[in-house]
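Q: I'd like to ask some things about the structure below.
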Amino acid sequence: MSRKPVEIVASAVENHGSGREAVMEMLTDVNRELGYIPEEAIRAIAAAVGVSNAEIYSVLSFYSFFSTEPRGRNIVRLCKTISCEMNGSRDILAALESELGIKAGETTPDRRVTLETTSCIGLCDEGPAMLVNDTPHTRLTPEEARRIVAGLE
Amino acid sequence: MPNISVTINGVTRSVREGVTILEACETAGVEIPTLCYHPDLSLAGNCRMCLVEVEGWRTLAISCVTPVTPNMKIRTHSKKVRHARRTVLKLLLAAHNVNCPECERNKNCELQELAEKHNITINEFQTSPKPVSFEEASPGVMRDNSRCILCTRCVRTCEELQSVAVIKPVGRSKEVRISTFLDRGLNEVPCTQCGQCINRCPTGALFETSEIRQVWEAIEDPEKFVVFQTAPAVRVGIAEALGFPTDRSTGKMVAAIRGLGVDRVLDTDFTADLTIIEEGYELIDRLKRALVDGDPESVLPMTTSCSPGWIKFIEHKYPDLLPNVSSCKSPQQMFGALAKTYLAGKESVDPSKVICVSVMPCTAKKFEKERPEMRDSGFKDVDFVLTTRELASMIQEAGIDFANLRDEKYDKWMGDSTGAAVIFGATGGVMEAALRTAYEVVTGQEIPFNGLNITPVRGMEGIREASVTMPEKMARGYEFLAGATLKVAVAHGLVNADKLMDKVRAGEVDYHFIEIMACPGGCLGGGGQPIPTSPEIRQKRADAIYAEDAALHFRKSHANPEVQLLYAEFLHEPLGHRSHELLHTHYRARD
Chain L
735 MSRKPVEIVA SAVENHGSGR EAVMEMLTDV NRELGYIPEE AIRAIAAAVG VSNAEIYSVL
795 SFYSFFSTEP RGRNIVRLCK TISCEMNGSR DILAALESEL GIKAGETTPD RRVTLETTSC
855 IGLCDEGPAM LVNDTPHTRL TPEEARRIVA GLE
Chain G
7 MPNISVTING VTRSVREGVT ILEACETAGV EIPTLCYHPD LSLAGNCRMC LVEVEGWRTL
67 AISCVTPVTP NMKIRTHSKK VRHARRTVLK LLLAAHNVNC PECERNKNCE LQELAEKHNI
127 TINEFQTSPK PVSFEEASPG VMRDNSRCIL CTRCVRTCEE LQSVAVIKPV GRSKEVRIST
187 FLDRGLNEVP CTQCGQCINR CPTGALFETS EIRQVWEAIE DPEKFVVFQT APAVRVGIAE
247 ALGFPTDRST GKMVAAIRGL GVDRVLDTDF TADLTIIEEG YELIDRLKRA LVDGDPESVL
307 PMTTSCSPGW IKFIEHKYPD LLPNVSSCKS PQQMFGALAK TYLAGKESVD PSKVICVSVM
367 PCTAKKFEKE RPEMRDSGFK DVDFVLTTRE LASMIQEAGI DFANLRDEKY DKWMGDSTGA
427 AVIFGATGGV MEAALRTAYE VVTGQEIPFN GLNITPVRGM EGIREASVTM PEKMARGYEF
487 LAGATLKVAV AHGLVNADKL MDKVRAGEVD YHFIEIMACP GGCLGGGGQP IPTSPEIRQK
547 RADAIYAEDA ALHFRKSHAN PEVQLLYAEF LHEPLGHRSH ELLHTHYRAR D
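Protein chains in written order, with my numbering: chain L, 735 to 887; chain G, 7 to 597.
Written out as structure tokens, the structure reads:
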């Protein structure tokens, strides 16, 4: 049984303190445990640190690995930055969207896959590139991309 | 700090060490264009408008954040600088919705002015104008992010001046936008609707929710009896809003409003005086209950309640301190409640036909009038609120030649004003007015300050305190206060209110009475006042307010003849049954 958002934040405060410098740690803890950062968690972090809810939201919105919406069991993150785009990431995105039947930013109805685009993931020389959960896939072709996501449980 | 020598555009000058290039140039009379810079706020250095060339530097310097160093050679309009500035300006304009005629800030926009000054006629970067990207059902403050240039002045205003911090940059890179918690509407987050962000926005990304159309419709409707009330600070802002130097222009303002075709022009000052009497008696009552009766429910210090931005702030942030807030409605709402009861009777008009329009230096007043509890007259007490800027716009639309108007007087029954009411418009004014009246009520003598000018509570210091010691001989019934020292404090700008209330909550201070105004400078610096604003501008408006006070015949609220008549004929006594019904209210905690 998973813990409630406020409980995760409470133990994050115990582990990392409640200063501004602990905000990223708290967000990461919640994101790791729940797969996303719900509103209650943002409120709890803001209250613990003594800043506005908007400030915590501002911080987390900067990072594409943080989400405020529940996500699927697998997260596919396609790089949208310029090197990958010049190597054809738009075609990869089209292939992924058609294979999964969802748009970037959405989750399949069976919660199997969330499709996202991300800023640079440091694989510029091997683009187009994507991360599936924590595994990088490089030099993608549309067919390869379809095959990879079709095989996700 | 010692002076150092720098060269600005070939002229050697002596400037204070530690100042920025921008400040050094300002002192030297050399103008540098800025956008994200604002004299009320911390430095951001993000817009790049103020770039200058420094000899020996590889890149251009951001003058607003770069301190001068000895013998620095600065060029402010070299070819390199002009090229860079034009490019910066074009890039800002390219991402901006340049549909200027449709914008609230047309002709009063810093971006537009810079584009004109720098002769930007063709912009090779210009994309097609974006549609309006943000509209919301916010009662006072509206946003249109398609006009936003991401300078973050609003963000800094909300956090540094107001301690509210509901707007922040959200997202990254080209998706960055100024937004709120989970991108909600300003009406769904703890925004106080103070509108200070509007006053500091260089473009039209923030503006008030306009009610001009509704007010014109009411004026045109022969069935309606349209009653205008004007807040104290509007009379020192309206000239400025119409493009004239700051001045008090009460008589011209009354004439201009009459010229719009309204039925009665009346004064919020009348209910400001009334507020002083109700609030003064409430304070004396609280003191008696706390000091003599030992009533634990009589909470001190009592705080003022005229500023709707402050009220919304305390409801969100210090709900446990709500019992400290005076139960008096704000002068605007007292006026509305009386306009549809007392005034309707005096004028023999059907109260359902009365339309009460307030002219306010404030955007939070637009929120306040929508509070469901503000219907004690049996109708919506105040129907519409116009900011000083909106009134100026209506005067211009009507083609009224403001400068050549003859001074006119307010209409009767609720048009009398005293100097005590006028100073409500400046920080410390409510305190001063309250002391002028309360002291006299409890001692039977005038407060012993030269010319009734209680200077310790005046000024622009963020938090000020003062004390008044009562004489040994008191008026009958108030002997319990003999020799007592009344301790008071004044705060303006919610960041200062926040500091003060933290101390109240912690029990670190022993004040009896606190005046709080949400906006820096008080109402004269309100979110509905003319744009731009700066410490100098606010000081000029304050000077005009105190000049008006000094020039008025009556300077104490209880001396207001129409207020005396109101008590004699209608209310009967301060804190009486009718007062409680019409003039007092309650508050609630907000998420």
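Beta carbons: idealized from backbone N, C-alpha and C, even for Gly.
The structure displayed is predicted, hence computed values, not measured ones.
Starting from the N-terminal side, write out each stretch of the alpha helix (DSSP H) that is 4 residues or longer and does not extend beyond the region 762–789 of chain L.
A: As far as the region 762–789 of chain L is concerned, its whole alpha helix (DSSP H) runs of at least 4 residues are 773–783.
Q: Could you check if G/N112 is buried or exposed, using at least 16 other CB atoms within 10 Å of its CB as the buried criterion?
A: Exposed is the call here.
Q: I'd like the span of the alpha helix (DSSP H) that includes L/S823, first residue to last.
A: It spans 823–834 - the alpha helix (DSSP H) in which L/S823 sits, taken as one unbroken run.
Q: Just to make sure I have the definition right: I need the residues of chain G whose C-beta is within less than 9 Å of the C-beta of L/E840. Which are they?
A: Those within 9 Å of L/E840 in chain G number zero; the least Cβ separation is about 17 Å.
Q: Cα-Cα, which of L/T852, L/D859, L/I816 is closest to L/I809?
A: It is L/T852.
Q: In the DSSP assignment, find the alpha helix (DSSP H) that holds G/N9 and state where it starts and stops.
A: Element bounds for G/N9: not the alpha helix (DSSP H) but the beta strand (DSSP E), 9–14.
Q: Is there a Cβ from chain G that is less than 8 Å from the Cβ of L/S823?
A: Not one chain G Cβ lies under 8 Å of L/S823.
Q: Let's test the definition: count the other Cβ atoms within 10 Å of the Cβ of G/T127 and tell me whether it reaches 16, buried, or not, exposed.
A: That one is exposed.
Q: What in chain G is Cβ-close to L/Y791, meaning under 9 Å?
A: Here the neighbours are K174, V176, S185, T186, F187, L188, D189.
Q: Do G/T310 and G/I551 have their C-beta atoms within less than 8 Å of each other?
A: No, the Cβ-Cβ distance between G/T310 and G/I551 is not below 8 Å.
Q: State buried or exposed for G/K509, treating a residue as buried only when at least 16 other CB atoms are found within 10 Å of its CB.
A: Exposed.
Q: With a threshold of 16 other CB atoms inside 10 Å of the CB of G/M380, please say whether the residue is buried or exposed.
A: Buried, since its Cβ has 16 or more Cβ neighbours within 10 Å.
Q: Can the beta-carbon of G/E414 be found less than 8 Å from the beta-carbon of G/R264?
A: Cβ atoms of G/E414 and G/R264: closer than 8 Å.
Q: How about G/E321 and G/R596: do their beta carbons lie closer than 8 Å?
A: Taking 8 Å as the Cβ cut-off, G/E321 and G/R596 qualify as a contacting pair.
Q: With 16 other CB atoms within 10 Å as the buried threshold, where does G/M7 fall?
A: Exposed, by the Cβ-count rule.
Q: Which bits of chain G does L/T802 rub up against, with CB to CB less than 9 Å?
A: Going along chain G in sequence order, the residues near L/T802 (Cβ under 9 Å) are L188.
Q: Work out the CA separation of G/Y43 and G/R91 for me, nearest whole Å.
A: In a straight line, the C-alpha of G/R91 is about 15 Å away from that of G/Y43.
Q: State the CB to CB distance for the pair G/A495 and G/L506, rounded to an integer number of angstroms; the pair is presumed to be in contact (CB under 8 Å).
A: The Cβ separation is near 6 Å, so the contact holds.
Q: Assuming G/L192 and G/I155 are in contact, meaning their beta carbons sit under 8 Å apart, how far apart are those beta carbons, in whole angstroms?
A: Not a contact, Cβ separation roughly 19 Å.
Q: Return the bridge partner residues of G/C362 from the DSSP annotation.
A: DSSP output for G/C362 lists G/V233 as bridge partner(s).
Q: By the 10 Å Cβ neighbour count, where 16 or more other Cβ atoms means buried, how is G/S585 classified, buried or exposed?
A: G/S585 comes out buried.
Q: For G/V298, which residues of its own chain have a beta-carbon under 6 Å away from its beta-carbon, when the five flanking residues on both sides are left out?
A: Around G/V298: F486.
Q: Note the first and the last residue of the continuous alpha helix (DSSP H) segment covering G/K415.
A: Run containing G/K415: none; DSSP gives neither H nor E here.
Q: Would you kindly report the start and end of the unbroken alpha helix (DSSP H) that includes G/F187?
A: Where G/F187 is concerned, there is no enclosing alpha helix (DSSP H), given that its DSSP letter is neither H nor E.
Q: Could you tell me whether the Cβ of G/V195 comes closer than 8 Å to any Cβ of chain L?
A: Closer than 8 Å to some Cβ of chain L, the Cβ of G/V195 qualifies, so yes.
Q: Beta-carbon of L/E759 versus every beta-carbon of chain G: anything under 8 Å?
A: It does not: the Cβ of L/E759 has no partner Cβ on chain G nearer than 8 Å.
Q: Using 8 Å as the limit for Cβ to Cβ distance, is G/A171 near chain L?
A: Yes, because at least one Cβ of chain L sits closer than 8 Å to the Cβ of G/A171.
Q: Pick helix, strand or coil for G/V268, following the three-state DSSP scheme.
A: Note: G/V268 maps to coil in three-state DSSP.
Q: For G/C56, collect the residues of the same chain with a Cβ closer than 7 Å to its Cβ; drop the 5 residues on either side in sequence, then sort them by chain order.
A: Result list for G/C56: L28, I38, P39, T40, Y43, I68, S69, C70, in chain order.
Q: Going along chain L, which residues have a C-beta under 8 Å from G/S179?
A: What G/S179 touches in chain L: S853.
Q: In terms of residue numbering, what span does the beta strand (DSSP E) encompassing G/S473 cover?
A: Where G/S473 is concerned, the enclosing beta strand (DSSP E) stretches over 469–475.
Q: Report buried or exposed for G/I537, applying the criterion of at least 16 other Cβ atoms within 10 angstroms of its Cβ.
A: With 16 or more Cβ atoms within 10 Å of its Cβ, G/I537 is classed as buried.
Q: Express the C-alpha separation of G/Q402 and G/A262 in angstroms, rounding to a whole number.
A: Each residue's alpha carbon lies about 10 Å from the other.
Q: Quick one: which unbroken alpha helix (DSSP H) runs of 4-plus residues sit fully inside the region 454–516 of chain G? Chain order, please.
A: DSSP runs (the alpha helix (DSSP H)) wholly in the region 454–516 of chain G: 500–511.
Q: May I have the straight-line CA-CA distance separating G/S255 from G/G201, to the nearest angstrom?
A: Between G/S255 and G/G201, the C-alpha separation is close to 24 Å.
Q: Assuming the contact rule is C-beta atoms closer than 8 Å, G/D291 and G/G342 should be a hit. Round their C-beta distance to whole Å, please.
A: The Cβ separation is near 25 Å, so there is no contact.
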